[in-house]
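In my numbering, the protein residues as written are 30 to 778.
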């Protein structure tokens, strides 16, 4: 596969740069050398400081100068973290420096969370949802103690970080430009492109055009393949689309190809089916797009109801024995599996057919031939030998080297000194260590977090993403990115690098596991990287061991009780609420206490609370409505729960809510569920007495999924549900009295 690396118009492209997948080409671009958790944590803290809500609270409480000073110091430190991480294996002092830094950063995160909590509390208070009787440490009626205490915390934190910043001079660390990875998810609306071009408006691209034309029209001896792909790669604004238009409309190209097609790949074209339809429409229109609007609509409607098999047949018929040129403009999706499927569909053309792809990144799914890169094949075989015939090792390094075509990158892996370490005492394969080292910094803590779960645990994407969000491991790079979508991209990348396996995709949920050796790797890294905080899973059925854990630790962020293991008591919850002020995740599924202690309201940093499956609990304390930072709350299958707390509407940060209750009427509208404006996922399960949905459902404009199960008395949904702008899925199951309504409000059978 040939490709053009797009240069600035002032540069000269003397010959095409070949960017094909070699025989063993197997993961995405090698990142810079491994960055520690400290880099990702520093970036997260800086992101919190920059948030508008935090700035507003800092201004209100007079700590803006302290916050700015913290930002400046942290920015100086962040610039040397990458170099410190690379050198720490040879310096105990640098290792200690990084450890102190991480400890300070975790403390900074907690202090800034206090401000975030206050920002949400003020927002709720402003909306009139908190009565004057509510008192807390952050009460606006008592500003001086808060201002004094937070000012002191900020000062102490700044002094610690100043000392850490000063100590870095002892190690001769090199500053590096800080480049934050923002490519994991990109949501954008952009104008659709077309193939027409006025060549007189494009200057300085003649040589680039000639290079591509020469690739599109090779000598007859080079046309043994029926289809080949030419990516045009360059950053935004470099003129990739304009160059592709020049080539597409060149007279020689028009004569050379029997059929020309131009498709702009939009954000919605993630599914192969949608993209196939676009290609078919373009194939029908011809190279100049001469269909009238009526003809275009007829073609589109004729394709709308076709199955994927039927679309595939039509596409092959349209391309059969045709030497075609297809331009896929502005490709962003890097899902290898989808591009492999697409290329299979496009192989029906005659010899010499070409696909031109304009993209900002190397296209991972378009395979070339190893024969173009015999040196890489040779090095790859040497790497395979070092893997000792272990498929997992080969697969993980495949995830590391995919798309890398420079010999030196492959040689760095082959000659890495880690191979001399063999498996050491922990049995971790060197190949797995290498693969972890090359993970992007934002994926490392997500991967290590999974060590909390037992071996052979079956993950699903929805549950894991909620936990990652609660731990603050998913960070958007822009305001229009949904955390859940970013989390799914994280999982896709970890799967592609073989950190997850046994993937089963059921569309709604994706299930997967970790290989035992990969789990060992995550556990070994956790022991090194995560000493400052703990994520604990209680899988031992001995209560004394759990109590011992509670007494020894004070830095626990997660406690997870799996089903069929030790059952947490109300006393355990009281201990947690008094000792672990920065706890973010409390998973109490399957417990059997009758009442959740009111002290739960003291856990103001809690993001995730799950008490689902408790068949005895009858009441939730009102204090639960003070957990303003909660993202996920579940009391599904709590079949004895008599009613919801009155002020549930205060939880305005909530993104996922699962409900089971015996009550007949919902909390009043003013403080009710309609106030949960951040809600994305709502599950109403086994609410046997509820007849109607709560008022104000139309206010949940961010809601993406509504699921109603086993509600035998539910009669209907309000008509406003049809107008929820973000709603993607609605599931209604086992609701005996429910009447489905059509667009006009008439009953449907």
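We put the CB at the ideal spot given by N, CA and C, even for glycine. All values derive from a computational prediction rather than experimental measurement.
Subject >> Chain-order list of residues whose beta-carbon lies under 7 Å from that of residue 780 (same chain, five-residue window excluded) >> reply: Missing from the structure shown is residue 780; the chain here goes from 30 to 778 and no further.
Subject >> Nonlocal neighbours in the same chain, by C-beta distance under 8 Å from residue 287, ignoring five residues either side >> reply: Here residue 287 refers to the residue found at position 258 of the chain shown. Closer than 8 Å at the Cβ level, and outside the excluded window around residue 287, lie 351, 352, 353, 379.
Subject >> Sequence-distant residues of the same chain with beta carbon closer than 8 Å to residue 282, five excluded per side >> reply: What you label residue 282 is simply residue 253 of the chain shown in a count that begins at 1. Shown here for residue 282: same chain residues with a beta carbon closer than 8 Å to its own, the five before and five after excluded, namely 242, 245, 246, 276, 289, 354 in chain order.
Subject >> Distance between residue 738 and residue 336 (C-alpha atoms, nearest Å) >> reply: Sequence index remark: in the chain shown, residue 336 carries index 307 (1-based). Sequence index remark: in the chain shown, residue 738 carries index 709 (1-based). Going by the C-alpha atoms only, they are around 30 Å apart.
Original post:
So, are the CB atoms of residue 261 and residue 274 less than 8 Å apart?
Top reply: Residue numbering aside, residue 261 sits at position 232 when the chain shown is read from its first letter. Residue numbering aside, residue 274 sits at position 245 when the chain shown is read from its first letter. The Cβ-Cβ distance between residue 261 and residue 274 does not fall below 8 Å.
Original post:
Is it right to say residue 684 is buried, meaning 16 or more other beta carbons lie within 10 angstroms of its own, or is it exposed?
Top reply: Locating residue 684 in the chain shown gives position 655, counting from the first residue. Counting the other Cβ atoms within 10 Å of the Cβ of residue 684 gives 16 or more, which makes it buried.
Subject >> Rounded C-alpha distance that separates residue 193 from residue 79 >> reply: Numbered from its first residue, the chain shown carries residue 193 at position 164. Numbered from its first residue, the chain shown carries residue 79 at position 50. Cα to Cα, the separation comes out at about 22 Å.
Original post:
Among 730, 706, 733, 692, which residue has its Cα nearest to the Cα of residue 715?
Top reply: Walking along the chain shown from the start, residue 715 turns up at place 686. Of the listed residues, the one whose Cα sits closest to residue 715 is 692.
Original post:
Leaving out five residues before and five after residue 539 in sequence, what residues of the same chain have Cβ atoms less than 6 Å from its Cβ?
Top reply: Here residue 539 corresponds to residue number 510 of the chain shown, with the count starting at 1. 490.
Original post:
At a cut of 8 Å, does the region 638-645 reach the region 611-622 through at least three beta carbon pairs?
Top reply: With the cut-off at 8 Å, the region 638-645 and the region 611-622 touch.
**OP:** Return the bridge partner residues of residue 489 from the DSSP annotation.
**Re:** For the purposes of this step, residue 489 is taken as the residue at position 460 of the chain shown. Residue pairing from DSSP places residue 489 in a beta bridge opposite 540.
Subject >> Beta-carbon contacts of residue 760 that lie in its chain and below 6 Å, excluding the five residues immediately before and after >> reply: For the purposes of this step, residue 760 is taken as residue 731 along the chain shown, with counting starting at 1. For residue 760, the CB contacts under 6 Å within the same chain, skipping 5 residues up- and downstream, are 736 in chain order.
Subject >> Rounded separation between residue 654 and residue 632 - CA only >> reply: Sequence index remark: in the chain shown, residue 654 carries index 625 (1-based). Sequence index remark: in the chain shown, residue 632 carries index 603 (1-based). Note on geometry: alpha-carbon atoms of residue 654 and residue 632 lie some 11 Å from one another.
Original post:
In terms of residues, what are the limits of the alpha helix (DSSP H) holding residue 722?
Top reply: Within the chain shown, the letter at position 693 stands for residue 722. Per DSSP, residue 722 belongs to no alpha helix (DSSP H) and is neither H nor E.
**OP:** Under 8 Å by Cβ, that's how I've got residue 141 and residue 74 pegged, so tell me the actual separation to the nearest angstrom.
**Re:** Working through the chain shown from its first residue, we reach residue 141 at position 112. Working through the chain shown from its first residue, we reach residue 74 at position 45. The Cβ separation is near 7 Å, so the contact holds.
**OP:** Determine the closest residue to residue 271 out of 617, 309, 388, 372, with distance taken between C-alpha atoms.
**Re:** Within the chain shown, numbered from 1, the residue matching residue 271 stands at position 242. By alpha-carbon distance to residue 271, the top candidate from 617, 309, 388, 372 is 388.
Original post:
Rounded to a whole number of angstroms, what is the C-alpha to C-alpha distance between residue 671 and residue 127?
Top reply: Within the chain shown, numbered from 1, the residue matching residue 671 stands at position 642. Within the chain shown, numbered from 1, the residue matching residue 127 stands at position 98. When the Cα atoms are used, residue 671 and residue 127 turn out to be separated by approximately 50 Å.
Original post:
Does the distance from the CB of residue 662 to the CB of residue 686 come in under 8 Å?
Top reply: Taking the first residue of the chain shown as 1, we reach residue 662 at position 633. Taking the first residue of the chain shown as 1, we reach residue 686 at position 657. At the C-beta level, residue 662 and residue 686 come within 8 Å of one another.
Original post:
What are the start and end residues of the beta strand (DSSP E) that includes residue 126?
Top reply: For the purposes of this step, residue 126 is taken as the residue at position 97 of the chain shown. DSSP places residue 126 outside any beta strand (DSSP E); the residue lies instead in the alpha helix (DSSP H), whose first and last residues are 121-155.
Subject >> Cα-Cα separation between residue 479 and residue 548, rounded to whole angstroms >> reply: Working through the chain shown from its first residue, we reach residue 479 at position 450. Working through the chain shown from its first residue, we reach residue 548 at position 519. Going by the C-alpha atoms only, they are around 8 Å apart.
Subject >> Cutoff 6 Å; reference residue 356; Cβ partners in own chain excluding five residues on either side >> reply: Counting from one through the chain shown, the residue named residue 356 turns up at place 327. The beta carbon of residue 356 is closer than 6 Å to those of 273, 277, 291, 385 in its chain, skipping five residues each way along the sequence.
Subject >> Cβ shell of residue 123 (< 6 Å), same chain only, five flanking positions each side left out >> reply: As a working mapping, residue 123 is identified with position 94 in the chain shown. The answer, listed in chain order, is 113, 116, 117, 200.
Original post:
Quick one: what does DSSP say residue 610 is sitting in, helix, strand or coil?
Top reply: Position 581 of the chain shown, counted from the first residue, corresponds to residue 610. In this structure, residue 610 counts as coil in the three-state DSSP scheme.
Subject >> Residue span of the alpha helix (DSSP H) that contains residue 474, given as start and end >> reply: On the chain shown, position 445 is the one that residue 474 refers to. Counting along the chain, the alpha helix (DSSP H) containing residue 474 begins and ends at 473-478.
Original post:
Quick one, which of 614, 459, 556 has its alpha-carbon nearest residue 493's?
Top reply: Position 464 of the chain shown, counting from 1, holds the residue named residue 493. When each option's Cα is compared against that of residue 493, the closest is 614.
**OP:** Give the range of the alpha helix (DSSP H) segment to which residue 714 is assigned.
**Re:** Numbered from its first residue, the chain shown carries residue 714 at position 685. Secondary structure note for residue 714: it is in no alpha helix (DSSP H), and the uninterrupted beta strand (DSSP E) holding it is 710-714.
**OP:** Check the C-beta distance from residue 468 over to residue 476 and give it rounded, since I have them as a contact under 8 Å.
**Re:** As a position in the chain shown, residue 468 is number 439, starting the count at 1. As a position in the chain shown, residue 476 is number 447, starting the count at 1. Contact between residue 468 and residue 476 holds, with the beta-carbon distance rounding to 7 Å and staying under 8 Å.
Original post:
Does DSSP put residue 503 in a helix, in a strand, or in coil?
Top reply: Sequence index remark: in the chain shown, residue 503 carries index 474 (1-based). Looking at residue 503 - three-state DSSP - the assignment turns out to be coil, as it is neither helix nor strand.
Original post:
From which residue to which residue does the alpha helix (DSSP H) around residue 511 run?
Top reply: Taking the chain shown and counting its residues from 1, the one referred to as residue 511 is at position 482. The continuous stretches of alpha helix (DSSP H) do not include residue 511, and DSSP gives it neither H nor E.
Original post:
Between which two residues does the alpha helix (DSSP H) containing residue 105 stretch?
Top reply: Taking the chain shown and counting its residues from 1, the one referred to as residue 105 is at position 76. Where residue 105 is concerned, the enclosing alpha helix (DSSP H) stretches over 93-116.
Subject >> Opposing strand residues paired with residue 762 [DSSP bridges] >> reply: The sequence position of residue 762 within the chain shown is 733, counting from 1. As DSSP reads the structure, residue 762 sits in a beta bridge with 738.
Original post:
By Cβ distance, which residues of its chain are closer than 7 Å to residue 749, with the 5 residues on each side in sequence left out?
Top reply: Within the chain shown, numbered from 1, the residue matching residue 749 stands at position 720. These residues qualify, in order along the chain: 726, 727.
Subject >> Where the beta strand (DSSP E) through residue 257 begins and ends >> reply: Walking along the chain shown from the start, residue 257 turns up at place 228. Where residue 257 is concerned, the enclosing beta strand (DSSP E) stretches over 256-262.
**OP:** Could you give the DSSP three-state label for residue 368: helix, strand or coil?
**Re:** The count along the chain shown starts at 1 and reaches residue 368 at position 339. Three-state result, residue 368: helix.
**OP:** Go ahead and label residue 678 buried or exposed: buried means 16 or more other beta carbons lie within 10 angstroms of its beta carbon, across all protein chains shown.
**Re:** To locate residue 678, count along the chain shown from 1; it is residue 649. Counting Cβ neighbours within 10 Å, residue 678 comes out buried, since at least 16 surround it.
Original post:
Is residue 497 helix, strand or coil when you go by DSSP?
Top reply: One-based indexing of the chain shown puts residue 497 at position 468. Looking at residue 497 - three-state DSSP - the assignment turns out to be helix.
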